[in-house]
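K.L.:
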Amino acid sequence: AINLLENGTILFPNDQQILFESAILLDKKGLQDKAIAKMEQILEFSPDHPEALNYIGYTWADRNINLDKALAYVKKAVELKPENGYILDSLGWVYYRMGRFDEAKVQLEKAVRLAPDDPNIYDHLGDGYTALHEFDRAREAYGKAMELFEEAGQKTAVKKKIDALADGI
Numbered sequence: 622a623i624n625l626l627e628n629g630t631i632l633f634p635n636d637q638q639i640l641f642e643s644a645i646l647l648d649k650k651g652l653q654d655k656a657i658a659k660m661e662q663i664l665e666f667s668p669d670h671p672e673a674l675n676y677i678g679y680t681w682a683d684r685n686i687n688l689d690k691a692l693a694y695v696k697k698a699v700e701l702k703p704e705n706g707y708i709l710d711s712l713g714w715v716y717y718r719m720g721r722f723d724e725a726k727v728q729l730e731k732a733v734r735l736a737p738d739d740p741n742i743y744d745h746l747g748d749g750y751t752a753l754h755e756f757d758r759a760r761e762a763y764g765k766a767m768e769l770f771e772e773a774g775q776k777t778a779v780k781k782k783i784d785a786l787a788d789g790i
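If you read the sequence shown in this note's numbering, its first letter stands for residue 622, the second for the next number, and so on.
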């Protein structure tokens, strides 16, 4: 599939949808740097592409790099799609990584209302609550994340966070 999409980007270098699908597939294969490069290509043609802005900003935040630039990208994505829970999650995650926990909490709570079936958002919200020492709320958010995650590894990671709360972080 990667080869097919790569060929597509060669044949149709300006096709944003092919670039986007290629980037998403690269991300799923763990090739985030290549995915970011594809998303940056999209932004060359369409600087207001909310999903590309969000992907880059979130990925930087997740890596805890380029946080000021990540914030600018994600804020622009929010302006373009203010009711998108996944983009609001990204904004909350950038704020969290910047140590702006109150702002993170506000955005993550909005995100979870708009995308209530995403375990990652609950996990991020739990991290935000933990940072603010709202441990009961953190346990609740982590519990919901555990319910929604399907992969054992993800469940285990969240269980460790819950156990750390019980141990009195």
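Every residue gets a Cβ at the ideal spot worked out from N, C-alpha and C, and that includes glycine. Small disclaimer: the values here were computed from a predicted structure and weren't measured.
I believe Ala698 touches Leu674 by the beta-carbon criterion, under 8 Å. Please report the beta-carbon distance rounded to the nearest angstrom.
P.N.:
Indeed, because the Cβ distance is near 4 Å, the residues count as touching under 8 Å.
K.L.:
Just the Cα atoms here: how many angstroms apart are Lys782 and Glu768?
P.N.:
Taking the straight line joining both Cα atoms gives about 14 Å.
K.L.:
Within its chain, find whatever has a CB closer than 6 Å to the CB of Tyr763; leave out the 5 residues flanking it on each side and keep chain order.
P.N.:
Cβ within range, chain order: Gly747, Val779, Lys782, Ile783.
K.L.:
Since Ile708 contacts Val727 with CB under 8 Å, what's their CB separation in whole angstroms?
P.N.:
Between Val727 and Ile708 the Cβ distance is about 14 Å, and since that is not below 8 Å, they are no contact.
K.L.:
Identify which residue in Phe666, Ala759, Tyr679, Gln662 has its Cα closest to the Cα of Ala787.
P.N.:
Comparing Cα positions, the closest option is Ala759.
K.L.:
May I have a chain-ordered list of the beta strand (DSSP E) segments no shorter than 3 residues that lie completely inside the region 661-685?
P.N.:
The qualifying runs do not exist here; there are none.
K.L.:
Let's test the definition: count the other Cβ atoms within 10 Å of the Cβ of Gly713 and tell me whether it reaches 16, buried, or not, exposed.
P.N.:
With 16 or more other Cβ atoms within 10 Å, it is buried.
K.L.:
Just how far apart, CA to CA, sit Lys659 and His670?
P.N.:
Near 12 Å, if we compare the C-alpha coordinates of His670 and Lys659.
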